[in-house]
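In this text, residue positions in the sequence shown follow this note's numbering: the first is 436, and each later residue adds one. In what follows, a structure is listed as structure tokens, so that the remarks can point back to it.
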Amino acid sequence: MSLRENKEDLKELVEKLNFKEKVERSKELIMQAYKIYGDSLVVANSLGKDSVVVWDLAMRVEPKIRGFIVTTRFKPPETIKFMHEVVAHYPQLEVYKSDIQIPERLYETNPDRCCDLLKVGPVKQALLELGVKCWVTGLRCTEGRTRTDYQEIEERDKGLIKLNPILIWKEREVWQYAALYGVKVNPLYAEGYRSLGCAPCTKITSDENERAGRWIGTSKCGGECGIHTRPLRT
Ligand code: SF4
């Protein structure tokens, strides 16, 4: 399977491949990309379950791979504590955070703008400063309504490759990997969260949709912060 020539039906693969085959496929994708991009391949780590699994996969492929974390002033204290623990273990993870002044409660009045300033901005900065040609994410196509049409390898921004190595994994397989490979996850999952973000915009729900607890009560409900939808090379 070559990175660029991959024309397989991903929706079919979600059901067809077993857990072990998916793990092997993900590692192979990271390995192939690392051979091409070397140090300009960097893993984005949001500290969610998908990200920590992708980071663990990358570390098994090549421990020299670099990564970055984007955090905000609104992350829950549990996430901040977890971030410090992860960074203590993996000092090669660079942390990016915007201290820009924003109107109070912007997350209520204009969550798109708030995410743009506090999340998308620092991602752009990280990609620029780290000289990234290929960034690796924890996107999964079964995660919610906004995540169904991605590819394992994409070029949404010219000259910037995006690798989504666990795109075809189901939520259960992410937990299966974390359990089997001893990957530590954010303790907030034990409270019942299924998708984690900033405190004001993340709730526990029993909805079928994994991302339903994000931005409840806004037009962004169950949607995206913009990191995967906005241009990153502007
Ligand atoms: S998730 Fe909420 S608080 Fe965090 S940046 Fe987006 S709108 Fe702002």
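Built from N, CA and C at the ideal position, the CB exists for glycine as well.
Whole angstroms are fine: how far does the CA of Ile537 sit from the CA of Leu464? Looking at the two C-alpha atoms, the distance is approximately 39 Å.
If you measure from each CB to the nearest heavy atom of ligand 1 and keep those under 6 Å, what residues do you get, in chain order? Here the list is Thr507, Phe509, Tyr542, Pro546, Cys549, Cys550, Leu553, Lys554, Gly632, Cys633, Pro635, Cys636 and Cys660.
I think Ile603 touches Leu445, with their Cβ atoms under 8 Å apart; what is that distance to the nearest whole Å? 6 Å
Use the C-beta contact count for His519: other C-beta atoms within 10 angstroms, 16 or more gives buried, fewer gives exposed. exposed
Out of curiosity, what's the CA-to-CA distance linking Met436 and Leu631? For Met436, the predicted model reports a pLDDT of 48, less than 50, meaning its position is unreliable and no value from the coordinates is stated.
Quick check on the DSSP output: the alpha helix (DSSP H) that includes Asp491 runs from which residue to which? For Asp491, the uninterrupted alpha helix (DSSP H) segment begins and ends at Lys484 to Val496.
At what residues does the alpha helix (DSSP H) containing Val530 begin and finish? Counting along the chain, Val530 falls outside any alpha helix (DSSP H), though it belongs to the beta strand (DSSP E) covering Leu528 to Lys532.
Could you check the C-alpha separation between Leu615 and Cys633 for me, to the nearest Å? 28 Å
Specify, as a first and last residue, the run of the alpha helix (DSSP H) that Thr514 falls within. Pro512 to His524
Should Ala625 be labelled buried (16 or more other beta-carbon atoms within 10 Å of its own) or exposed? exposed
Within the stretch 559-610, ranges of the beta strand (DSSP E) (whole runs, at least 3 residues): 569-571, 588-592 and 595-598
Where DSSP assigns a beta bridge to Ile471, which residues make up the other side? BP columns for Ile471 are empty, so no partner.
How should Gly594 be labelled, buried or exposed, when 16 other C-beta atoms within 10 angstroms of its C-beta is the threshold for buried? exposed
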